[in-house]
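The next block holds one structure in the form of structure tokens; read it before the comments.
Right, here's the structure in full:
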């Protein structure tokens with residue numbers, strides 16, 4: 011493994027990358043767009059999304075699903091490029107949506123934060139003299155008072171809550187046979203695994219590893235059952251085994267928000283990085299990049 015190479019840059023806040031049909035799709039959250047980039051670095055705008063796009067996935071027929079953070083709904087892109095509401099969660103949520111994973115049947119798992127991140131952090135900052143103390147207080151408050159939720163959206167748009175006790179659900183993936191769902195609980199902080207029932211219900215929540223940092227994005231599984239997670243504050247991506255042991259670490263020159271395995275041979279790790287993920291500063295700086303590094307264990311097909 012080597013130092014990551016910049017593939018594309020100039021974005022506000024690249025997040026939620028997914029390898030699909032020969033391109034890397036990702037959400038430029040504060041650029042309000044879904045973008046696709048080829049392995050050669052050519053980019054195109056797939057959709058403009060004013061409601062802050064986050065998680066991405068595809069229905070079996072190839073239509074793109076886009077979770078919107080502030081709109082609290084999942085959009086569906088029709089063949090002509092128009093966006094329509096696939097599922098409106100505004101009436102059943104108490105906070106913004108986060109990442110999403112769509113399985114081969116078209117069922118979408120969507121994380122809900124569980125709290126107003128900006129307002130709560132601003133309130134806590136006023137009560138502490140250092141950022142470190144404020145962050146620790148935020149984590150404690152969220153763990154004790156504001157658990158997040160995971161929503162399951164059926165291919166027809168019907169939805170229900172399948173977990174209501176994950177501490178800030180973030181990056182997630184399912185294994186190739188779709189019997190387990192892995193998810194980062196950012197403010198636990200930990201990586202969790204659920205059993206997935208035939209109807210999509212999540213059961214048997216297990217902590218596969220506790221962490222010393224809040225994990226952000228998560229890649230799909232590789233051929234050995236391992237996966238990569240993003241450590242934003244540590245400026246790194248880490249590969250974990252199915253049991254949670256760290257086998258590899260790749261350092262980045264800025265915050266690593268999310269990761270995806272892909273490329274033609276499956277051996278490319280794509281990294282979404284940024285100097286600053288504050289909304290206003292990231293829009294002004296446009297310092298978010300898509301970087302790549304070659305890895306030894308490829309994406310599971």
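In our numbering, the protein residues as written are 11 to 311.
We treat Cβ as the ideally placed atom computed from N, Cα and C, and that holds for glycine.
Computed from a predicted structure; not experimentally measured.
Scanning 278, 110, 291 and 242 for the CA closest to the CA of residue 193 turns up 110. Around the beta carbon of residue 172, 16 or more other beta carbons sit within 10 angstroms, so the residue counts as buried. Residues of the same chain with a CB within less than 8 angstroms of the CB of residue 157, apart from the 5 flanking positions on each side, are 124, 174, 175, 176 and 177 in chain order. Beta-bridge pairing by DSSP links residue 283 to 266 and 299. Within the stretch 163 to 251, the beta strand (DSSP E) runs of at least 3 residues that lie entirely inside it are, in chain order, 169 to 176, 179 to 184, 190 to 195, 200 to 206, 212 to 220, 237 to 241 and 246 to 250. Membership of residue 147 in the alpha helix (DSSP H) is indicated by the continuous run 141 to 155.
For residue 106, there is no enclosing beta strand (DSSP E), as DSSP marks it with neither H nor E.
Residue environment analysis places residue 142 among the exposed positions, since fewer than 16 neighbouring C-beta atoms fall within 10 angstroms of its C-beta.
In terms of Cβ geometry, residue 196 and residue 208 do not form a close pair [threshold 9 angstroms]. Residue state for residue 45 is assigned as strand, using DSSP reduced to three classes. Counting every other CB atom within 10 Å of its CB across the protein chains shown gives residue 82 a total of 16 or more, marking it as buried.
Relative to residue 212, the option among 198, 189 and 218 whose CA is nearest is 189. Secondary structure at residue 100: coil, using DSSP grouped into helix, strand and coil. Boundaries of the beta strand (DSSP E) harbouring residue 63: 63 to 68, taken from the DSSP string.
Here residue 102 has 161, 169 and 171 as same chain residues with Cβ atoms under 8 angstroms from its own Cβ, once five neighbours each way along the sequence are excluded. Counting along the chain, no beta strand (DSSP E) covers residue 138, and no H or E run does either.
One thing to note: residue 284 has its Cβ within 9 angstroms of the Cβ of residue 298. Under the three-state reduction of DSSP output, residue 310 falls in the coil class, being neither helix nor strand. Under DSSP, no beta-bridge partner is assigned to residue 123. Inter-residue distance for residue 252 and residue 28 is about 20 angstroms (C-alpha atoms, whole angstroms). Here residue 86 is bridged, per DSSP, to 75 and 94. When 152, 264, 311 and 47 are compared, the shortest CA-CA separation from residue 185 is found for 311.
Here residue 26 carries a strand assignment [DSSP, helix/strand/coil].
Spatial neighbours of residue 232 in its own chain (CB-CB distance under 7 angstroms, excluding positions within 5 residues in sequence) are listed in chain order as 271, 307, 308, 309 and 310.
According to DSSP, residue pairing for residue 38 in a beta bridge involves 24 and 43. Three or more pairs of CB atoms, one per stretch, sit closer than 8 angstroms, so the stretch 236 to 248 contacts the stretch 257 to 270. A Cβ-Cβ contact shorter than 9 angstroms links residue 56 with residue 35. The criterion of a C-beta distance shorter than 9 angstroms is satisfied by residue 61 and residue 78.
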